[in-house]
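Report on one structure; see the data block that follows.
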Amino acid sequence: MSTSADKLVEDYLDRLERELADFPSARRRELVQEISEHIAEARAGLESENEAEIRNLLDRMGDPADIAAEARGQTPETAPAAAPVERRSGALDVAALILLLIGGLVIPVIGWLVGVVLLWISSAWTARQKLLGTLVVPGGLALPAGLLLVAGSESSCYQSPIPAARDHIICSSGGNSGQIVGSIVVALLTAASIATIVYLGRRMGRNAEVATA
Amino acid sequence: MVGTQDALLAQMRRGTLQYCVLSLLADEERYGFDLVRRLAEMDGMVTSEGTIYPLLSRLRRDGLVESNWQESPSGPPRRYYRLTERGRSALDGFRLEWRRFRDAVDHFVERTESK
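In order, the protein sequence lines correspond to chains C and A.
Using the numbering used here, you'd call the opening residue of the first sequence number 6 and step up by one each time.
Using the numbering used here, you'd call the opening residue of the second sequence number 735 and step up by one each time.
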């Protein structure tokens, strides 16, 4: 057995040992032992053992750094891609949120219903979040907008016939207190509707992260 | 472009290699050197033989293969690998998916090449 060949193999195994320095010792020992046995068996199969043959053999074994990377199981280019996150929170999910919020304004009732359907067929949210998105607020912004419209038609507005006061639009409705309560309800419904959509929008991203983690 | 193609090929090789290992073990148990030599004999499958050992170790930890030591006619005892039930069903599942995938890619790639 030539000593230069032994030296080459020894150097190779030393390098492998160093590359695996951060591994638990049992795993490191096992891997180095297996590689070393493989080399021994390959050497035994060589017809003539010269330095070139040993170098070829070690080349075929591969760079110790590559073996260590494989053992870590996460070479950078093979780490799971972030693509699934984007696919999960896809265009349909965004469309669901938009339709839930303003779909009812564009096409009354139906626009919002389409949003509800998209919400429930999506995999971006949990059942609880979907329920929340459906019940708060039914109709989305169309509900407070509708209330505003109804309230508006009940109160009567007219322009003053006096030219000097033409800038003032005078309205009368079911009393000041009723108007205030109505405004608060409309404001609350609007805020709740927007808040729910914002919440679902944020959850959409987070659920996707959890799913791919 | 060549760089990304190389990376893609490396990834495809890496992703499918474990199923080639499982396939080699489907009918009989084999020891490391034998497995590696058979994989390396096939052109384009393995670029560095040493990386098979970490793969074998991972397959064992995942419960897809199991191993035991056996005396060898020459030299030290050898670690023989064999497929577990889990490994077999993983292999069966992959075979189905692989055939579909391969046929789909062939359908497009082979056709455009012939024109």
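In this text, a Cβ means the ideal position worked out from N, Cα and C, and glycines have one as well.
Since the model is a prediction, treat every value here as computed from it, not as a measurement.
Less than 8 Å separates the beta-carbon of C:Leu-18 from that of C:Val-37. The three-state reading of DSSP puts C:Trp-130 in coil, since its state is none of H, G, I, E or B. Three or more Cβ pairs closer than 8 Å define a contact, and the stretch 141 to 150 of chain C meets that threshold against the stretch 107 to 121 of chain C.
Across the set A:Tyr-765, A:Gly-827, A:Ala-824 and A:Val-755, the C-alpha of A:Tyr-765 shows the shortest separation from the C-alpha of C:Glu-46.
Taken atom to atom, the span from the alpha-carbon of C:Ala-129 to that of C:Gly-108 is near 20 Å. For the 8 Å CB-CB criterion, A:Arg-816 and A:Glu-800 form a contact. Short of 8 Å from the beta carbon of A:Trp-832, and not among the five residues preceding or following it, lie these beta carbons of its own chain, in chain order: Thr-750 and Tyr-753. Rounded to whole angstroms, the gap between the alpha carbons of A:Leu-758 and C:Trp-117 is 56 Å. Assignment of C:Val-191 by DSSP, reduced to helix, strand and coil, places it in the helix class.
If you draw a 10 Å sphere on the C-beta of A:Glu-762, you find fewer than 16 other C-beta atoms in it, and that means exposed. With a threshold of 8 Å between beta carbons, C:Ala-76 makes contact with chain A.
For C:Asn-61, the enclosing alpha helix (DSSP H) covers residues 56 to 66. Around the Cβ of C:Leu-154, a 10 Å sphere holds fewer than 16 other Cβ atoms; the residue is exposed. Within the stretch 25 to 58 of chain C, the residues whose Cβ lies closer than 8 Å to some Cβ of chain A are Arg-32, Glu-35, Leu-36, Glu-39, Ile-40, Glu-42, His-43, Ala-45, Glu-46, Ala-47 and Ala-49, listed in chain order.
Taking 8 Å as the cut-off, the beta carbon of C:Leu-205 is found no closer than this to the beta carbon of C:Leu-104. Proximity to A:Ala-824 across A:Met-746, A:Trp-803, A:Ala-744 and A:Leu-793 peaks at A:Leu-793, based on C-alpha coordinates.
A:Arg-795 has its alpha-carbon roughly 21 Å from the corresponding atom of C:Glu-22. Minimum Cα-Cα distance from A:Met-776 among the listed residues A:Pro-788, A:Val-755 and A:Ala-760 corresponds to A:Val-755. Around the beta carbon of C:Ile-126, fewer than 16 other beta carbons lie within 10 angstroms, which makes this residue exposed. For C:Asp-19, the closest Cβ of chain A is not nearer than 8 Å. The residue from A:Pro-807, A:Thr-785, A:Pro-811 and A:Thr-818 with its alpha-carbon nearest to that of C:Ala-76 is A:Thr-785.
For C:Asp-68, the C-beta contacts it makes with chain A under 9 Å involve Ser-782 and Gly-784, in order along the chain. For A:Leu-817, the uninterrupted beta strand (DSSP E) run begins and ends at 812 to 817, by DSSP. Close CB contacts of C:Ser-9 within its chain, under the 6 Å cut and outside five residues either way in sequence, are with Glu-56 (chain order). Apart from sequence neighbours up to five positions away, the residues of its chain that approach A:Val-770 with a beta-carbon distance below 6 Å are Glu-783 and Ile-786, ordered along the chain. A:Ser-808 sits in coil when the DSSP states are folded into three classes, being neither helix nor strand. By the neighbour-count criterion, in which 16 or more other beta carbons inside 10 Å mark a residue as buried, C:Gly-50 falls on the exposed side.
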